[in-house]
Amino acid sequence: MTVDRTQSLATLCGATLLVCVATSATPQDTHISTYGTPGLIDMPTAEQLEDGLLLPTVSYAGGMLKQTLTFQVTPRISGSFRYTTLKDFDLPVGNRYDRSFDFSYQILKEGKRRPALAVGLRDFGGTGIYSSEYLVATKNFGDRLGVTAGMGWGRLAGVGGFNNPLSVLSDHFDERGSGPTNINEVGRLETDQWFRGDAAIFGGLTYKLNDRVTFAAEYSTDTYAAEVERMGFDNKSQFNFAATYNFRNGNSIGAYSLQGSEYGLMLTLPTHPNRPARPGAQSKAPPPILPQSGAVAAQWQTSDGGVSTGQRQFLASLESQGLKAEGLDINASTATLQVRNDTYGADAQALGRAARVMANTLPAQIKTFKVVLSKQGMPVTVTTLRRSDIEALDHDIDGSWKSFARADISDARGLVPERIKSSYPILSYSLSPYLQTSLFDPDNPFRADLGIQASASIQPLRGFVLSGTVRQPLAGNLDTITRESNSILPHVRSDAGKYAVLANTELNHLTAEYFFRPAANTYARITAGYLESMYGGVSGEVLWYPTDSRLALGAELNYARQRDFDQLLGFQDYDVVTGHASAYYDFGNGFLAQLDAGRYLASDWGATVGLDREFNNGFKVGAFFTLTDVPFDEFGEGSFDKGIRITLPVDWITGNPSQTNFGTTIRPVQRDGGARLNVRNRLFETVRGAQSGELEDRWGVFWR
Amino acid sequence: MIYTAIKRFAVLGSLCLVAACSNAPAGPIGLKSLFFGGEQSQKFAALSAQGAPALAVALPGSRKNTNARFLRQGTSRDGVESWVTGNDISLDIRRGMIVGSRGFGGDLMAADASETARLIAEKRGGIVTRYHTEFGGDDVPKARAFKCRVTNKGPWTSKTPKGEIATVLMQEDCRGENLSFRNFFWVSPNSGTIVQSRQWLTPTLEYLTTQQL
């Protein structure tokens, strides 16, 4: 266990996650456009990626660099985030750095006779450079030929435009809205543009020469009007061509010609969260369940200093599996073990290891094993297993499902086995590198600091944790940030540059935390101290989360005071009472929704809506937005807070057991409205892994 | 420009993989120490001292010349032998058939090859069914079923560390959904025990070879 696992590493990957993710590639045969979405060259197709696929793409032509991350959210829905650099677009200032979001929905899947049909929006909430909408159909003939035809609006109706057919529905469709006129209007949903104004017809072909090589040709309805005017782009032709080479590992490299005047290159690095490089972590083999020798029972009789030899061996065996016993009760036929999992990403694997150790080292008359999973000293769930099942199912080809079906999981509150004396205090420390990034500053869109952080924690009593992290940047350019916040709200987050410039050795956090279970199905946390890099104060939280419930409800109240820019012990004048009521709902199909309503750091009131797709192995991809009573104009650039977030378990990358996650949140822009306090160890994430739903989702590793 | 962008991403991407150190019980097994390297466990040393039966195992598909010594650490109630290396990689073997692996990554969770085992022990040909369950990348076990033809390929002289041994070569050709593989078993004509073998486990691991030492 390290002190602040997910959160301290939260900044480690930054936007480079795209490439971290790409460590394991995966086959993918949908043709990809320069926009990083299913398409021809610039035109979209109606095809979709494999469900769950993450597709980072880089394309470059004629001074235009597009970096896109597309995620196939469901089999029919995909979303993309794009960061574009347009060289000298904003002369005399310089380059244009543009963020855009795309969305696509496949209305019809391709059938024997009918084509696939999809509708999509490009750049629906950015500066509007690529603002366009389309309805497109694609039909494949045989294994090789794909034919696409579609109708585009906005940028996709640059040439060959005709009166909008949707005008038969309403006159509103005749005129396309003007889009954002200044930076403060950027980031809103420009619904007065969608599918409005003239429309035009585009189309094209893809042809697979063989498994490796694909060609594409298209008639484009994009005239690159702004690029012609501002970048000296030459628009000679509406026909574009591409050739793509697909590597065996799924990556592909493509070359294309654009508008008859430019040549470009693109690279795609598809990754599927369900396909880590080495499926199944390379954890050490578990102990086999072997017939017990008669010696075991005798060992539990002989004691030495009050602790029997059997118990000593039992605890040592658990420890060798990376598990720490916090409590143990042995009755006539039942053993109850409270155990802390510091090793495995999935608590189900910890349960399996504990069950094996119990079967091998507890006396034979113990027929029932109760394993209490402990999180920050709180007993969360108790899983009841029968020794006979454990012995019978070890080598069963359906052992995973059968063992789950025969296990019973319930709330462990009140079930506190006798404390094992040696289990407290718990000391831990860690020394690790960190990477902190600052993205999308027009002065330099990619800044980062690499440094080293030292963490230490002590838990003198069950549930009571004292911990701290100190960071020392070693190299980087975060201290070159000169752009000052122009926010008219209190600068609750937008002074991040000042924190980076004025801090050297910094106290990342220094807190006392107490975790306890006030009632059945209920968890509580109190945290005081330097809560996060920008705030100190006091935080209290209560969570109601019955173990078999899809719904969890929480409430959090904080008093926070802004810390000095040097990130040492001092404080500034700004303080605020902030807090939220939260609802979490697990749809059970891999989607988790979260709603937080309350008061934010700038004293603004509002709510955050988040939706994450979770894969069983811990990989998560999600998006969120926050609307508060701060008017869009006062919020500034971006109009409201929003972003995407990705969590990547370290064991997914390395194959070695680990509980560490790389998490990153990418916001087009960080402003002061809708900003939340980053308290460590929020309860939902803390206890969730041990809840029955998560245990069920990951039960497949019980026997690993 | 694109190249600097890619390079920058690649460099930072590799930083993400920089290992952290802590007092946490990580117990990682690096790829390098998969077979060799890493300290021998006390358990392995004890088994070795007791003269436990040994098996030489190799991964012929891997680029490195990976081979390792497995020692038998015990037999379960249901007759599955557990074999282990000094760095805690294990194989479960029932009547000569590999029915489980742990610690390689992409492991075989369990298998039922009892029909194959019966034919091979009797050195008879026939058609059998074989079931494998592997640990999937999404943490959901994946079950596979195979239809296999077992054939007796006749007498064979096996070169083993103990010298040349007369064996019978049994071949098993299996087909499943999008997959096929061929296992070989060199069987002692008298005892019916498997002297050496090549067996397919999972799509990630592919084949392992075993040889009695």
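Listed in order, the protein sequences are those of chains A and B. Position 187, counted from 1, in the first sequence is what our numbering calls 1147; the numbers after and before it change by one each time, with no gaps. Position 167, counted from 1, in the second sequence is what our numbering calls 169; the numbers after and before it change by one each time, with no gaps. Glycine residues also receive a C-beta, built at the ideal position from the N, C-alpha and C atoms.
Which residues in chain A sit within 9 Å of V82 of chain B, going by Cβ to Cβ distance? By 1-based counting over the second sequence, the position of residue 82 of chain B is 80. Simply P1248, D1354 and H1355.
Using a Cβ cut-off of 8 Å (strictly closer), state whether A47 of chain B contacts chain A. Mapped onto the second sequence, residue 47 of chain B falls at position 45. Taking Cβ atoms only, chain A never reaches closer than 8 Å to A47 of chain B, which makes this a no.
Does DSSP classify V1647 of chain A as helix, strand or coil? Taking the first sequence and counting its residues from 1, one reaches residue 1647 of chain A at position 687. Here V1647 of chain A sits in helix by DSSP.
For V1128 of chain A, report the span of its alpha helix (DSSP H) as first-last. Locating residue 1128 of chain A in the first sequence gives position 168, where the first residue counts as 1. Taken as a continuous stretch (DSSP letters only), V1128 of chain A belongs to no alpha helix (DSSP H), as it is neither H nor E.
Quick one: is W1663 of chain A near chain B, going by C-beta distance under 8 Å? Counting from one through the first sequence, the residue named residue 1663 of chain A turns up at place 703. Yes, W1663 of chain A lies at the interface with chain B (some Cβ there is under 8 Å from its Cβ).
Tell me whether G105 of chain B, by its Cβ, gets closer than 7 Å to a heavy atom of the ligand FMN. Of the ligands one can find in the structure shown there are none, so the ligand FMN has no counterpart to examine.
Kindly list, in the order they appear in chain B, the residues whose Cβ is closer than 7 Å to that of P1236 of chain A. Taking the first residue of the first sequence as position 1, residue 1236 of chain A is located at position 276. In chain order: G139.
Can you find the residues in the same chain that come closer than 7 Å, C-beta to C-beta, to G218 of chain B, ignoring five residues on each side of it along the sequence? For residue 218 of chain B there is no data in the structure shown, the boundaries of chain B being 3 and 215.
Determine the direct distance from the alpha carbon of P1251 of chain A to that of R1347 of chain A, and round the result to whole angstroms. For the purposes of this step, residue 1347 of chain A is taken as residue 387 along the first sequence, with counting starting at 1. For the purposes of this step, residue 1251 of chain A is taken as residue 291 along the first sequence, with counting starting at 1. Going from the Cα of R1347 of chain A to the Cα of P1251 of chain A covers about 12 Å.
Between the C-alpha atoms of L1129 of chain A and R1156 of chain A, what's the straight-line distance to the nearest angstrom? Locating residue 1129 of chain A in the first sequence gives position 169, where the first residue counts as 1. Locating residue 1156 of chain A in the first sequence gives position 196, where the first residue counts as 1. Approximately 12 Å, taken between the alpha carbons.
Measure from the C-beta of P55 of chain B to each C-beta in chain D and report whether the shortest distance is under 8 Å. Looking at the structure shown, chain D is missing, and the protein chains on hand are A and B.
What are the start and end residues of the beta strand (DSSP E) that includes D1401 of chain A? On the first sequence, position 441 is the one that residue 1401 of chain A refers to. Where D1401 of chain A is concerned, the enclosing beta strand (DSSP E) stretches over I1386 to D1401.
Around the Cβ of R1172 of chain A, are there at least 16 other Cβ atoms within 10 angstroms (buried) or fewer (exposed)? Locating residue 1172 of chain A in the first sequence gives position 212, counting from the first residue. Counting Cβ neighbours within 10 Å, R1172 of chain A comes out exposed, since fewer than 16 surround it.
One or two residues paired with Q1032 of chain A in a DSSP bridge: Locating residue 1032 of chain A in the first sequence gives position 72, where the first residue counts as 1. DSSP lists A:S1038 as partners of Q1032 of chain A.
Going by DSSP in three states, M1191 of chain A sits in which element: helix, strand or coil? For the purposes of this step, residue 1191 of chain A is taken as residue 231 along the first sequence, with counting starting at 1. Looking at M1191 of chain A - three-state DSSP - the assignment turns out to be helix.
Taking I1326 of chain A as the reference, give the member of A:M1024, A:G1112, A:K1099 and A:T1344 with the closest Cα. As a working mapping, residue 1326 of chain A is identified with position 366 in the first sequence. Comparing alpha carbon positions, the residue from A:M1024, A:G1112, A:K1099 and A:T1344 closest to I1326 of chain A is A:T1344.
In three-state terms, what does DSSP make of F1364 of chain A? Taking the first residue of the first sequence as position 1, residue 1364 of chain A is located at position 404. The answer is helix: DSSP assigns F1364 of chain A an H, G or I state.
Consider the Cβ of G88 of chain B: report whether some Cβ of chain A lies at a distance smaller than 8 Å. On the second sequence, position 86 is the one that residue 88 of chain B refers to. Taking Cβ atoms only, chain A never reaches closer than 8 Å to G88 of chain B, which makes this a no.
Taking 8 Å as the cut-off, decide whether the C-beta atoms of L1555 of chain A and S1563 of chain A are in contact. For the purposes of this step, residue 1555 of chain A is taken as the residue at position 595 of the first sequence. For the purposes of this step, residue 1563 of chain A is taken as the residue at position 603 of the first sequence. No, the pair does not count as a contact, with Cβ atoms beyond the cut-off.
Near P1233 of chain A, which residues of its chain fall below 8 Å by C-beta distance, leaving aside the five closest residues on each side in sequence? For the purposes of this step, residue 1233 of chain A is taken as residue 273 along the first sequence, with counting starting at 1. Closer than 8 Å at the Cβ level, and outside the excluded window around P1233 of chain A, lie G1012, L1014, F1575, N1577, F1579, V1581 and W1612.
Please confirm whether V1502 of chain A and A1515 of chain A have their CB atoms less than 8 Å apart. Residue numbering aside, residue 1502 of chain A sits at position 542 when the first sequence is read from its first letter. Residue numbering aside, residue 1515 of chain A sits at position 555 when the first sequence is read from its first letter. Yes.
Pairing CB atoms from the stretch 1293-1303 of chain A with CB atoms from the stretch 1376-1385 of chain A, are three or more of them under 8 Å? Contact annotation: the stretch 1293-1303 of chain A touches the stretch 1376-1385 of chain A, with at least three C-beta pairs closer than 8 Å.
Use the C-beta contact count for W1565 of chain A: other C-beta atoms within 10 angstroms, 16 or more gives buried, fewer gives exposed. On the first sequence, residue 1565 of chain A is found 605 positions in, with the first residue counted as 1. Its Cβ having fewer than 16 others within 10 Å, W1565 of chain A is exposed.
Can you look up S1445 of chain A in the DSSP assignment and give me helix, strand or coil? Residue numbering aside, residue 1445 of chain A sits at position 485 when the first sequence is read from its first letter. Looking at S1445 of chain A - three-state DSSP - the assignment turns out to be coil, as it is neither helix nor strand.
Against chain A, which members of the stretch 109-134 of chain B pass a CB distance test of less than 7 Å? Those would be D109, M111, A112, A113, D114 and Y133, in chain order.
Every unbroken alpha helix (DSSP H) inside the stretch 39-92 of chain B [4 residues or more]: With a minimum length of 4 residues, the continuous alpha helix (DSSP H) runs that stay inside the stretch 39-92 of chain B are 44-52.
Give me the chain B residues within the contact set of E1351 of chain A, using Cβ-Cβ distance strictly less than 9 Å, ordered along the chain. Position 391 of the first sequence holds residue 1351 of chain A. Within chain B, the residues near E1351 of chain A are S78, R79 and D80.
Comparing C-alpha positions only, which one of A:G1164, A:V1647 and A:D989 sits nearest to P1004 of chain A? Taking the first residue of the first sequence as position 1, residue 1004 of chain A is located at position 44. When only C-alpha atoms are compared, the closest one is A:G1164.
Where the stretch 1250-1280 of chain A meets chain B: residues whose CB sits under 7 Å from a CB there: L1250 and P1251
Determine the direct distance from the alpha carbon of Q75 of chain B to that of A926 of chain A, and round the result to whole angstroms. What is shown of chain A runs 961 to 1664, which leaves residue 926 of chain A out entirely.
Please state if the CB of Y1179 of chain A and the CB of F1162 of chain A are separated by a distance shorter than 8 Å. Start at 1 with the first residue of the first sequence, and residue 1162 of chain A comes out as number 202. Start at 1 with the first residue of the first sequence, and residue 1179 of chain A comes out as number 219. A contact, by the Cβ cut-off of 8 Å.
Exposed or buried, which one is V1666 of chain A when buried takes at least 16 other CB atoms within 10 Å? Given that chain A is displayed from residue 961 to residue 1664, the structure contains no residue 1666 of chain A and the question cannot be resolved.
Alpha-carbon to alpha-carbon, V1079 of chain A and Y1065 of chain A: Translated into positions along the first sequence, residue 1065 of chain A becomes position 105. Translated into positions along the first sequence, residue 1079 of chain A becomes position 119. Going from the Cα of Y1065 of chain A to the Cα of V1079 of chain A covers about 5 Å.
Using the C-alpha atoms, what's the distance from V1340 of chain A back to E189 of chain B? Walking along the second sequence from the start, residue 189 of chain B turns up at place 187. Walking along the first sequence from the start, residue 1340 of chain A turns up at place 380. With the sequence shown as reference, residue 189 of chain B is identified as Val, and Glu is not the correct amino acid for it. Distance between the alpha carbons of V189 of chain B and V1340 of chain A: 52 Å.
Out of A:P1393, A:G1423 and A:Q1419, point me to the one whose CA is closest to D1409 of chain A's CA. Stepping through the first sequence from its first residue, residue 1409 of chain A is reached at position 449. Checking every option, the nearest Cα to that of D1409 of chain A belongs to A:P1393.
S1060 of chain A: first and last residue of the uninterrupted beta strand (DSSP E) it sits in: For the purposes of this step, residue 1060 of chain A is taken as the residue at position 100 of the first sequence. Here the beta strand (DSSP E) through S1060 of chain A covers G1054 to L1068.
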